[in-house]
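**Student:** Here you go, one structure.
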């Protein structure tokens, strides 16, 4: 039987570096994108049935569709990898990252400021609370949030990086969802954020 | 006759006299045979021996609960008292099997009760067990003695309360790493005040606090208690009180070992451990610091198994502890001990046979995991190593070659390089050479788990050299169908093959259709197998169960999760809608 070509040492994932608009999973080599599509589905079913599993999945399953840099799946993006039982994962989570636990400190950067600050999101009960604190910490005004206009009408707009690594406008999602997915905050000049607000 | 069944009868010689051998004598002789394999051999000799064997069988082990039905089992073995059952495919542990897949114990219990089986022991792994089933169990079998639930789901502490309340002769309650609905700790108080037959109690899995006074009284009156594994809520002070009542323990699982003890309490704890001269196994020890391990030292002299896989120990702490454990044969640790900690293992544990290094936090790339050098250090100091499970951030082919050169007696080699498809970090080559070295050097290898960047070359070697291999786990590996074909065409002793995220498709799947008769099961998920391929296999081999798990929204022709297994019970009758049997 003819032996097929093995993957060499260097360029391994040429197909995976293609930007594709097709459905993920249509080419078996795109292990990562097919895995991430399924990740999303799997999370939604499992989140409803098993609390503990959705906890361990929520960090791994926010996969990216068609990740353009084409790396093989890192361990943070694949369901069930590394192969550790939920029981063992869960016995460490509360201690290490204190997800939904006490004291959720995130970095806050202000465009143009020489150094960053840190705030504990757990201390605040709602968006107005947080925004007021940020205004006082940085001596600036943020203004009113509106779903349509974002923070139009003020000099600054608060944004945050979520678990997927995307930059989002603060205020779009319910507060609880925000604090569990916010990794860091960035206060942008409103002129830059205008693009976001118009979407 | 050797009770391990080594003295199994010489079939050809005795078959001639088989028909004149009185049945009663046969049964007495067979009663001494414990090995399943030997019993299977005996049953194949002739009809008389088949009958004698089946009536004398007391323990049945069923590796796949769907390979046979409870009716068939109880019809053939009417006198069994001990049952061991395994349910879901192993990858269910990693959330690859949707919930409500099956493997429910209920139908088995109903049949056992209907046939008036004198059930005494039930050991379940990856089965679904409801509270109703536990209650039914506790009420239907008055001689019930031992319940062991490992990686099971579907029950709550209410079910445990039923067991505690009704099983008058219970000797063993072993609840390990299950997906349990932990409602409260009150189940423990359900043991009657005059109940004293417990020999094994393991509730380390449970999170709710039990009533300590009830536990203390229970431990005091169960004079035969050998195994006690408590949960995190038990403090060091409470543990001391328990130990004072049970110095005869051979296995201990501590609670939280974090303690601020007065010097008086400290020396009392140390003295309690000092009295535990029979301790062979120690586990638990969550939230420890170096200071708090010292009371343990007196108990370490005879330790054979030390399970520190829930303790985030550092290298220095581990080294200090290991010096006290000269007899250690099995050690499970977290990667927090680092390569330096593993050097200490190599230096202090010459008798070591089983080493497992688990990751501490799977979501961050931590700088202080273990690397190839830790493993190599252990291999130099522990030539008797035969079982290893090693999670690491990086590995090299050269290191693995050295390791198996130092330790050629591996029976279980499970290496997990945590980033999928990661090459040898020094040479940037695939990790093929590493696993080729493993299968070529370790003639006794029974279980292998591969990882890292691997081409078909690895699988060619596995197929060719792994003559004793029974279980193979593959993830994110291989280049083409040829890889899997090599494995299916070789590996004469293969029993379980589990594959995920590999480029193996229908050609590979179908190349093994004769092989599947001798496999307990095959799992393939996120490979390139299609529904048509599975249908072809099902058609070719109608006595195999070819099951496909469908997911919503996935490509209709893709068979994303395939589970193939041999069965004498036919297709499942309890399959949920997402499981299609072809």
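Protein chains in written order, with this note's numbering: chain H, 405 to 603; chain G, 323 to 904. C-beta: ideal position from N, C-alpha, C; glycine also. Because the structure is a prediction, the values reported are computed rather than measured.
Can you tell me whether residue 534 of chain G is helix, strand or coil according to DSSP?
**Tutor:** Residue state, collapsed to three classes: helix.
**Student:** Does DSSP put residue 451 of chain G in a helix, in a strand, or in coil?
**Tutor:** Correct three-state label for residue 451 of chain G: coil.
**Student:** Taking CB distances under 9 Å as the criterion, tell me whether residue 631 of chain G reaches chain H.
**Tutor:** Yes, residue 631 of chain G counts as interfacial toward chain H.
**Student:** With distance defined between alpha-carbon atoms, name the residue in G:527, G:529 and G:556 nearest to residue 538 of chain G.
**Tutor:** Of the candidates G:527, G:529 and G:556, the one whose C-alpha sits nearest the C-alpha of residue 538 of chain G is G:556.
**Student:** Residue 728 of chain G to residue 671 of chain G, Cα distance in whole Å?
**Tutor:** Straight-line Cα distance between these residues: approximately 15 Å.
**Student:** Quick check: what's the CA-CA separation for residue 886 of chain G versus residue 491 of chain G?
**Tutor:** Taking the straight line from one Cα to the other gives about 40 Å.
**Student:** Step through the CB atoms of chain G and report whether any lies within less than 9 Å of the CB of residue 483 of chain H.
**Tutor:** For residue 483 of chain H, the answer is yes, since a Cβ of chain G falls inside 9 Å of its Cβ.
**Student:** Identify the contact partners of residue 878 of chain G in chain H, using a Cβ-Cβ distance below 7 Å as the criterion.
**Tutor:** Near residue 878 of chain G there are no residues of chain H at all, since even the closest Cβ is about 12 Å away, more than 7 Å.
**Student:** What first and last residue would you give for the alpha helix (DSSP H) that runs through residue 854 of chain G?
**Tutor:** First-last of the alpha helix (DSSP H) with residue 854 of chain G: 853-862.
**Student:** Tell me the DSSP secondary structure of residue 392 of chain G in three-state form.
**Tutor:** In this structure, residue 392 of chain G counts as helix in the three-state DSSP scheme.
**Student:** Who are the neighbours of residue 418 of chain G on chain H, taking C-beta pairs under 8 Å?
**Tutor:** The contacting residues are 483 and 484.
**Student:** Using a beta-carbon distance below 9 Å, is residue 713 of chain G in contact with chain H?
**Tutor:** By this cut-off, residue 713 of chain G is an interface position.
**Student:** On the DSSP letters alone, give me the boundaries of the alpha helix (DSSP H) that residue 468 of chain G sits inside.
**Tutor:** No alpha helix (DSSP H) holds residue 468 of chain G; the beta strand (DSSP E) holding it covers 468-472.
**Student:** In whole angstroms, what separates the C-alpha of residue 516 of chain G from that of residue 373 of chain G?
**Tutor:** Approximately 42 Å, taken between the alpha carbons.
**Student:** In terms of DSSP beta bridges, what is residue 738 of chain G paired with?
**Tutor:** Residue 738 of chain G is bridged to G:713.
**Student:** Are three or more beta carbon pairs between the segment 544-555 of chain G and the segment 520-536 of chain G nearer than 8 Å?
**Tutor:** Result yes; three or more Cβ-Cβ pairs closer than 8 Å.
**Student:** The segment 716-744 of chain G: which residues have C-beta closer than 7 Å to a C-beta of chain H, in chain order?
**Tutor:** Listed by position, the residues of the segment 716-744 of chain G near chain H (Cβ gap below 7 Å) are 738, 740, 741, 742 and 743.
**Student:** So, for residue 384 of chain G: in the same chain, excluding its five sequence neighbours on each side, which residues have a beta-carbon less than 8 Å away from its beta-carbon?
**Tutor:** The answer, listed in chain order, is 390, 395, 405, 406, 407 and 408.
**Student:** Give the range of the alpha helix (DSSP H) segment to which residue 807 of chain G is assigned.
**Tutor:** Element bounds for residue 807 of chain G: 803-811.
**Student:** Would you kindly check if the distance between the Cβ of residue 733 of chain G and the Cβ of residue 702 of chain G is under 9 Å?
**Tutor:** It is not a contact, given that the beta carbons lie outside the stated cut-off.
**Student:** In whole angstroms, give me the CA-to-CA distance for residue 489 of chain H and residue 517 of chain H.
**Tutor:** Near 44 Å, if we compare the C-alpha coordinates of residue 517 of chain H and residue 489 of chain H.
**Student:** Under three-state DSSP, which class holds residue 582 of chain H?
**Tutor:** Reduced to three states, the DSSP call for residue 582 of chain H is helix.
**Student:** Please list the partners that residue 681 of chain G has in chain H, where partner means a Cβ-to-Cβ separation under 7 Å.
**Tutor:** Per Cβ cutoff of 7 Å: 486 and 488.
**Student:** By Cβ distance, which residues of its chain are closer than 6 Å to residue 567 of chain G, with the 5 residues on each side in sequence left out?
**Tutor:** If we look at residue 567 of chain G and ignore the five residues flanking it on each side, its Cβ neighbours are 541 and 542.
**Student:** Starting from residue 820 of chain G, trace the alpha helix (DSSP H) both ways and give me its first and last residue.
**Tutor:** Per DSSP, residue 820 of chain G belongs to no alpha helix (DSSP H); it is in the beta strand (DSSP E), 818-822.
**Student:** Have a look at residue 781 of chain G and residue 487 of chain H and give me their C-alpha separation to the nearest angstrom.
**Tutor:** Cα to Cα, the separation comes out at about 21 Å.
**Student:** Under DSSP, the alpha helix (DSSP H) around residue 376 of chain G begins and ends at which residues?
**Tutor:** 369-378 is the span of the alpha helix (DSSP H), which, as asked, contains residue 376 of chain G.
**Student:** Run through DSSP, which three-state label would residue 903 of chain G get?
**Tutor:** The answer is strand: DSSP assigns residue 903 of chain G an E or B state.
**Student:** So, is the C-beta of residue 795 of chain G closer than 9 Å to a C-beta in chain H?
**Tutor:** Yes - at least one Cβ of chain H is within 9 Å of the one on residue 795 of chain G.
**Student:** Using a beta-carbon distance below 9 Å, is residue 869 of chain G in contact with chain H?
**Tutor:** With 9 Å as the cut-off, residue 869 of chain G does not count as an interface residue toward chain H.
**Student:** Can the beta-carbon of residue 434 of chain G be found less than 9 Å from the beta-carbon of residue 455 of chain G?
**Tutor:** Cβ distance not < 9 Å, so residue 434 of chain G and residue 455 of chain G don't count as in contact.
**Student:** Taking 9 Å as the threshold (beta carbon to beta carbon), is residue 535 of chain G in contact with chain H?
**Tutor:** Chain H, which has no Cβ nearer than 9 Å to the Cβ of residue 535 of chain G, makes this no.
**Student:** Suppose you measure from the CA of residue 596 of chain H to the CA of residue 564 of chain H; what does that come to, to the nearest Å?
**Tutor:** Answer to the nearest angstrom: the Cα atoms are 14 Å apart.
**Student:** Give the interface partners of residue 588 of chain H over in chain G, defined as CB-CB distance under 8 Å, in chain order.
**Tutor:** In chain order: nothing, as chain G lies at least about 15 Å away.
**Student:** Mind checking whether residue 656 of chain G and residue 617 of chain G have CB atoms under 9 Å apart?
**Tutor:** No; because the gap between Cβ atoms is not below 9 Å, this pair is not in contact.
**Student:** Use the C-beta contact count for residue 509 of chain G: other C-beta atoms within 10 angstroms, 16 or more gives buried, fewer gives exposed.
**Tutor:** With 16 or more other Cβ atoms within 10 Å, it is buried.
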